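J.: Every number in the numbering used here is 124 more than the matching position in the sequence shown, counting from 1.
Each residue gets a CB set at the ideal place from its N, CA and C atoms; glycine is no exception.
Computed from a predicted model, the values in this text were never measured in an experiment.
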Amino acid sequence: MKATILKKMAKKVIKNPKRIKGYVDNYLGDFNPKRININNIIKYKTFFPIWDACQIEITSFCNRDCDFCPRYSDRSGVRKNENGHKVKKQMPSEKVYDIINELEKIGYRGKLRFGRLSEALYDDRYVEFANYARSKDLYLKEFSNGDPLKKNLKLCAELDGVLQEIVIGLYDCKDENEICEQKKWFIQKFKKTKVSFSIPQKNCLFRQGSKVYVDYADKKKDVALLNPCLSYEKRYLLIRYDGEISLCCEDDSCSFKVGNVFLQSIAEIWWSNRHRKIIHDIRKKGGKMKYKRCRECYVEMEGFNL
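(1) Could you name each continuous beta strand (DSSP E) segment of 3 residues or more that falls completely within the region 283-318, going from the start of the chain to the end?
(2) Looking at the structure shown, is Lys-265 part of a helix, part of a strand, or coil, going by DSSP?
(3) One question on the structure: do Val-286 and Phe-253 come within less than 8 Å of each other, judged by their Cβ atoms?
(4) Have a look at Glu-206 and Leu-361 and give me their C-alpha separation to the nearest angstrom.
(5) Checking 8 Å against the spacing of the C-beta atoms, do Ile-292 and Tyr-256 come in under that value?
(6) Mind checking whether Arg-240 and Gln-325 have CB atoms under 8 Å apart?
(7) Residues in the same chain with beta-carbon distance under 6 Å from Ser-233, minus the five sequence neighbours each way, listed in chain order, please.
(8) In whole angstroms, give me the CA-to-CA distance for Trp-395 and Lys-401.
(9) Which full runs of the alpha helix (DSSP H) of 4+ residues lie inside the region 388-425, going along the chain?
(10) Please work out which residues of its chain come closer than 8 Å, Cβ to Cβ, to Ser-208, disregarding the five sequence neighbours upstream and downstream, and give them in chain order.
(11) Which runs of the beta strand (DSSP E) spanning at least 3 residues fall entirely within the region 205-287, listed in chain order?
(12) Answer with buried or exposed for Met-215, where buried requires no fewer than 16 other C-beta atoms within 10 angstroms of its C-beta.
(13) Would you say the region 302-310 touches the region 328-339, given that touching needs at least three Cβ pairs under 8 Å?
(14) Would you call Ala-281 buried or exposed, if buried means 16 or more other Cβ atoms sit within 10 Å of its Cβ?
(15) Start and end of the beta strand (DSSP E) containing Gln-179?
(16) On the CB-based measure, 16 or more other CB atoms within 10 Å of its CB, does Leu-277 come out buried or exposed?
(17) Taking the C-alpha atoms as reference points, what is the distance between Cys-421 and Glu-374?
(18) Near Ser-320, which residues of its chain fall below 6 Å by C-beta distance, leaving aside the five closest residues on each side in sequence?
(19) How would you label Ser-217, buried or exposed, when you count the other beta carbons within 10 angstroms and need 16 or more for buried?
This is how it looks when you write it as structure tokens:
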């Protein structure tokens with residue numbers, strides 16, 4: 125059956141060789157054999173590759189309110205309500221399990237995290253989800269501001285070895301001595317999990333929704349807007365806590381309306397004509413100008429230190 129379908133696809137190309145260039149430009153993208161699944165090629169008739177990493181946001185909550193974060197100016201009810209108060213919602217547990225099961229069914233065995241613009245380790249269900257994901261051979265790499273770990277040593281012990289990697293942001297360190305002390309403390313708590321660190325205040329990006337973006341982005345002239353989108357070179361499957369799919373890290377509002385995993389399968393959304401067309405557009409010179417969100421994106425500009 126599979127061989128028959130592949131033969132039909134090959135015959136179409138042979139009959140019209142001009143199909144090849146368009147086919148490659150539209151659907152092949154940055155071809156990587158490791159991300160190609162034969163079943164997906166057959167079903168969706170495309171070599172459009174699977175994602176590099178997946179984020180399932182299990183909670184909307186974050187205990188911090190950083191002015192360089194896209195959450196900062198939100199008043200839509202997604203991150204904050206109209207009064208600026210934080211929204212605290214969870215993805216239903218059954219939906220989290222459904223998504224993990226679908227990742228397994230598709231054949232994905234790559235990186236997974238349960239946070240997005242949120243602090244996932246504050247969710248009491250985290251360890252349960254993490255163990256289940258590991259049982260499906262997924263690679264868990266989590267990002268945290270470290271606050272829930274400092275307050276819960278038991279959580280550190282429960283996660284050690286379950287997480288393959290954790291990246292901890294050092295937000296409050298005033299000098300190099302404090303940075304060294306913080307690193308030492310976390311490394312001592314994780315004997316089996318690989319620990320690395322980030323300094324969020326250094327090399328910040330002009331991210332939409334952040335205070336920095338609001339204050340300075342309108343003063344910038346970015347000729348790179350006409351260039352192909354570089355931030356999408358690393359493909360991510362970004363699932364917000366309400367099931368909505370973000371096109372990229374700058375699309376927390378899910379303005380592209382790619383789909384919702386509570387209503388459609390991940391495969392239907394990822395390999396849909398709409399999703400592939402948007403990616404095809406923004407990868408071309410000047411293609412970002414077709415989309416308002418992309419026209420207002422400054423994430424590829426040079427970073428800055430706070």
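T.: Looking at the coordinates:
(1) The beta strand (DSSP E) runs of length 3 or more contained entirely in the region 283-318 are, from start to end of the chain, 289-293.
(2) Indexing the sequence shown from 1 puts residue 265 at position 141. If DSSP states are grouped into helix, strand and coil, Lys-265 belongs with the strands.
(3) Locating residue 286 in the sequence shown gives position 162, where the first residue counts as 1. Locating residue 253 in the sequence shown gives position 129, where the first residue counts as 1. In this structure, Phe-253 does not lie closer than 8 Å to Val-286 by Cβ.
(4) As a position in the sequence shown, residue 206 is number 82, starting the count at 1. As a position in the sequence shown, residue 361 is number 237, starting the count at 1. In this structure, the straight-line span from the alpha carbon of Glu-206 to that of Leu-361 is close to 28 Å.
(5) Mapped onto the sequence shown, residue 292 falls at position 168. Mapped onto the sequence shown, residue 256 falls at position 132. The answer is no: Cβ separation not under 8 Å.
(6) As a first step, residue 240 is located in the sequence shown; it is residue number 116 there, counting from the start. As a first step, residue 325 is located in the sequence shown; it is residue number 201 there, counting from the start. Gln-325 is positioned such that its CB atom lies no closer than 8 Å to that of Arg-240.
(7) Sequence index remark: in the sequence shown, residue 233 carries index 109 (1-based). The question names Ser, but residue 233 in the sequence shown is Arg. Within the same chain, Cβ atoms closer than 6 Å to the Cβ of Arg-233 are found at Asp-261, the five residues on either side in sequence being excluded.
(8) Your numbering for residue 395 matches position 271 in the sequence shown. Your numbering for residue 401 matches position 277 in the sequence shown. Taken atom to atom, the span from the alpha-carbon of Trp-395 to that of Lys-401 is near 10 Å.
(9) Counting whole runs of 4 or more residues, the region 388-425 contains the alpha helix (DSSP H) stretches 390-394, 397-406 and 416-419.
(10) Residue 208 sits at position 84 when you count from the first residue of the sequence shown. A quick correction: the sequence has Gly, not Ser, at residue 208. Closer than 8 Å at the Cβ level, and outside the excluded window around Gly-208, lie Arg-199.
(11) Complete beta strand (DSSP E) runs here, min 3: 235-237 and 263-268.
(12) For the purposes of this step, residue 215 is taken as residue 91 along the sequence shown, with counting starting at 1. With 16 or more Cβ atoms within 10 Å of its Cβ, Met-215 is classed as buried.
(13) Not touching, per the Cβ criterion.
(14) Counting from one through the sequence shown, the residue named residue 281 turns up at place 157. Classification for Ala-281: exposed.
(15) For the purposes of this step, residue 179 is taken as the residue at position 55 of the sequence shown. Unbroken beta strand (DSSP E) run through Gln-179: 177-180.
(16) For the purposes of this step, residue 277 is taken as the residue at position 153 of the sequence shown. Using a 10 angstroms sphere on the CB of Leu-277, the tally of other CB atoms stays under 16, which defines it as exposed.
(17) What you label residue 421 is simply residue 297 of the sequence shown in a count that begins at 1. What you label residue 374 is simply residue 250 of the sequence shown in a count that begins at 1. Taking the CA atoms as reference points, Cys-421 sits about 8 Å from Glu-374.
(18) If you number the sequence shown from 1, residue 320 lands on position 196. If we look at Ser-320 and ignore the five residues flanking it on each side, its Cβ neighbours are Val-291.
(19) Looking up residue 217 in the sequence shown gives position 93. Exposed, because fewer than 16 other Cβ atoms sit within 10 Å of the Cβ of Ser-217.
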